[in-house]
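For the sequence shown, the working numbering assigns the number 766 to the initial residue and increments by one for each residue that follows.
Report on one structure; see the data block that follows.
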Amino acid sequence: MVEPLISVIIPIYNGEKYIDNCLSKVVAQTYKNLEILCVINGTTDSTEEKVREWMKKDDRIRVLVTEIGDLGRASNIGIENTTGPYLSFIDVDDWVEPDYIEKLYSGIQKGYKICKGNCILYDGVKNLPAYQGRSSGEISIRGASFLLPCRHSSVYDRSLFEKLKYLEFSYYEDLSLWPILIATAGCVYYINDIVYNYNQTNETSIMTVRNEKHLVLDKVFGHIFANLTPDLDKEVNLLITALFIQSFWTSNYQYVPKNEVGQAYLKRVKQVVENRLVGYYYIVENLPVPKEMKERMIRFYRDPIA
């Protein structure tokens, strides 16, 4: 039986330090029927030359070049150029295990449209699994809130992206599509095996750089709501609420400047999510955070912003 073609999309911006390690792991996959799309976006280093050298060694590699240095745009270009019925994303500074595709495709073979695996969070010192105490199996929409809202460590049915695109020219582009993909798929199949290594040491990564460019959650959640029907299933609503609490209060709020720019941003965020976050108060009340923090979170959603 012929294995279906799986498209591996690697968006690359100035990845000369990482591309050899990344591609060496991809071309050595135990699952062989791959097309490897290297989407070079706005690169100013030797990345393209390095990728073209790899092309001479492996004809499964294709190069797509855009002058626009944007991760969301690069991801969309990759999707538009896939020819396989399934696809996966790998960030250039990360690396995958030899059976990355094989294991994740095994979940797709069970009839699921998204299969996500466990990954290592590498900070330069420690290698910690992203998910602990979890078992392999089907994850409901509501239960998917524990999963990192990111493209990688997954294989997707290509049909999910027929009418969907990642938010472009914005941080949190992963988050902008994650709950929509899950809602469209109906659930996720999770495999509790380490298949992906998430490098958090890259100095340009969203995980290591925080500044006012990250004040975009109004755009991100606006994109989410714009791509979902108003009569959302309660489970989808609860997932969106959980993702908002995680993204806004855990990794965004503390970087909001205490000035007019910050105040205007908070107003925009509040306007986008107002009366749309099902179960917000219940989730906040049950969070393991100090009482003062809970009160701040409740006031933000309950009271008008001056």
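Idealized CB from N, CA, C, for every residue including glycine.
Source: prediction; values computed, not measured.
I'd like the span of the beta strand (DSSP E) that includes Asp922, first residue to last.
Looking up residue 922 in the sequence shown gives position 157. Counting along the chain, the beta strand (DSSP E) containing Asp922 begins and ends at 919 to 922.
Pull up the DSSP beta-bridge partners for Ser905, would you.
Here residue 905 refers to the residue found at position 140 when the sequence shown is read from its first residue. In the DSSP output, where bridge partners are listed per residue, Ser905 has Cys952.
Pairwise C-alpha distance: Asn798 and Met766:
Sequence index remark: in the sequence shown, residue 766 carries index 1 (1-based). Sequence index remark: in the sequence shown, residue 798 carries index 33 (1-based). Spanning the two alpha carbons is a distance of roughly 12 Å.
C-beta atoms of Arg1061 and Glu1000 nearer than 9 Å
By one-based count along the sequence shown, residue 1061 stands at place 296. By one-based count along the sequence shown, residue 1000 stands at place 235. Taking 9 Å as the Cβ cut-off, Arg1061 and Glu1000 do not qualify as a contacting pair.
In the DSSP assignment, the beta strand (DSSP E) including Glu831 goes from what residue to what residue?
For the purposes of this step, residue 831 is taken as residue 66 along the sequence shown, with counting starting at 1. Checking the sequence shown, residue 831 turns out to be Thr, not Glu. Element bounds for Thr831: 826 to 831.
Evaluate Pro944 with the Cβ neighbour count: other Cβ atoms within 10 Å of its Cβ, from every protein chain shown; 16 or more gives buried, anything less gives exposed.
Here residue 944 is taken as the residue at index 179 of the sequence shown, counted from 1. Pro944 should be labelled buried.
Cβ shell of Arg838 (< 6 Å), same chain only, five flanking positions each side left out:
Here residue 838 refers to the residue found at position 73 when the sequence shown is read from its first residue. Correct list, in chain order: Glu933.
Neighbourhood of Ile784 by C-beta distance below 7 Å, restricted to the same chain and skipping five residues each side:
Translated into positions along the sequence shown, residue 784 becomes position 19. Taken in chain order, the residues that qualify are Ile777, Thr812, Lys815, Val816, Val857.
Roughly how far, in whole angstroms, is the beta-carbon of Gly1027 from the beta-carbon of Val1021, given that I think they are within contact range, below 8 Å?
Against the sequence shown, residue 1027 aligns to sequence position 262. Against the sequence shown, residue 1021 aligns to sequence position 256. Going by Cβ atoms, the distance from Gly1027 to Val1021 rounds to 4 Å, so yes, they are a contact pair.
Write down every uninterrupted run of the alpha helix (DSSP H) in the region 1019 to 1069 whose length is 4 residues or greater and which is fully enclosed by it, in chain order.
1025 to 1038, 1045 to 1050, 1056 to 1067
Measuring alpha carbon to alpha carbon, tell me which residue in Gly882, Asp824, Tyr877, Lys821 is nearest Asp864.
For the purposes of this step, residue 864 is taken as residue 99 along the sequence shown, with counting starting at 1. Cα-wise, what sits closest to Asp864 is Gly882.
Considering only residues of the same chain and omitting the five flanking positions on each side of Thr847, which have a CB-CB separation below 8 Å?
Within the sequence shown, the letter at position 82 stands for residue 847. Correct list, in chain order: Ser772, Ile774, Glu800, Leu802, Arg923.
Flag this pair as touching only if the region 956 to 964 and the region 987 to 1001 have three or more C-beta atom pairs under 8 Å; answer yes or no.
no
Can you check whether the CB of Ile879 is closer than 9 Å to the CB of Tyr921?
Mapped onto the sequence shown, residue 921 falls at position 156. Mapped onto the sequence shown, residue 879 falls at position 114. Contact flag set, yes.
Can you give the Cα-Cα distance for Val804 and Ser905, rounded to whole angstroms?
Within the sequence shown, the letter at position 39 stands for residue 804. Within the sequence shown, the letter at position 140 stands for residue 905. The straight-line gap from Cα to Cα measures roughly 32 Å.
How should Glu1057 be labelled, buried or exposed, when 16 other C-beta atoms within 10 angstroms of its C-beta is the threshold for buried?
To locate residue 1057, count along the sequence shown from 1; it is residue 292. Classification for Glu1057: exposed.
Report yes if the CB atom of Ala909 is closer than 9 Å to the CB atom of Leu1052, and no otherwise.
In the sequence shown, counting from the first residue as 1, residue 909 sits at position 144. In the sequence shown, counting from the first residue as 1, residue 1052 sits at position 287. No, the Cβ-Cβ distance between Ala909 and Leu1052 is not below 9 Å.
Within 10 angstroms of its Cβ, does Lys1023 collect 16 or more other Cβ (buried), or is it exposed?
As a first step, residue 1023 must be located in the sequence shown, where it is residue number 258. Classification of Lys1023: exposed, given that the 10 Å Cβ count is below 16.
Excluding the five sequence neighbours on either side, which residues of its own chain have a C-beta within less than 6 Å of the C-beta of Pro850, listed in chain order?
For the purposes of this step, residue 850 is identified with residue 85 of the sequence shown, where counting begins at 1. Once the five neighbours on either side are set aside, the close Cβ partners of Pro850 are Pro769, Arg923.
DSSP three-state label for Ser772, please.
In the sequence shown, counting from the first residue as 1, residue 772 sits at position 7. Strand at Ser772.
Which residues mark the beginning and the end of the alpha helix (DSSP H) in which Glu867 is found?
As a working mapping, residue 867 is identified with position 102 in the sequence shown. Start and end: 865 to 873.
Per DSSP, what kind of secondary structure is Gly876 in: helix, strand or coil?
Position 111 of the sequence shown, counted from the first residue, corresponds to residue 876. Here Gly876 sits in coil by DSSP.
Per DSSP, cross-strand counterpart(s) of Leu893:
To locate residue 893, count along the sequence shown from 1; it is residue 128. Paired residues: Leu886.
Could you give the distance in angstroms between the alpha-carbon of Val1037 and the alpha-carbon of Ile844?
Within the sequence shown, numbered from 1, the residue matching residue 1037 stands at position 272. Within the sequence shown, numbered from 1, the residue matching residue 844 stands at position 79. Each residue's alpha carbon lies about 28 Å from the other.
Just how far apart, CA to CA, sit Arg1064 and Ile1070?
Here the question's residue 1064 lines up with position 299 in the sequence shown. Here the question's residue 1070 lines up with position 305 in the sequence shown. For Arg1064 and Ile1070, the distance between alpha carbons rounds to 9 Å.
Taking the alpha helix (DSSP H) that Cys803 belongs to, which residues open and close that run?
Mapped onto the sequence shown, residue 803 falls at position 38. From DSSP, Cys803 is part of no alpha helix (DSSP H) but of the beta strand (DSSP E) over 799 to 806.
To the nearest angstrom, how far is it from the Cα of Glu903 to the Cα of Thr808?
Here residue 903 is taken as the residue at index 138 of the sequence shown, counted from 1. Here residue 808 is taken as the residue at index 43 of the sequence shown, counted from 1. Glu903 and Thr808: Cα-Cα distance of roughly 39 Å.
Using the rule of at least 16 other Cβ atoms within 10 Å of the residue's Cβ for burial, across every protein chain shown, is Gly872 buried or exposed?
Residue mapping note: residue 872 aligns to position 107 of the sequence shown, counting from 1. Gly872 is buried by the Cβ-count criterion.
Taking the alpha carbon of Met820 as the point to measure from, which residue in Phe854, Val981, Val791 has its own alpha carbon closest?
Position 55 of the sequence shown, counted from the first residue, corresponds to residue 820. Selected option, being the one with the closest Cα: Val791.
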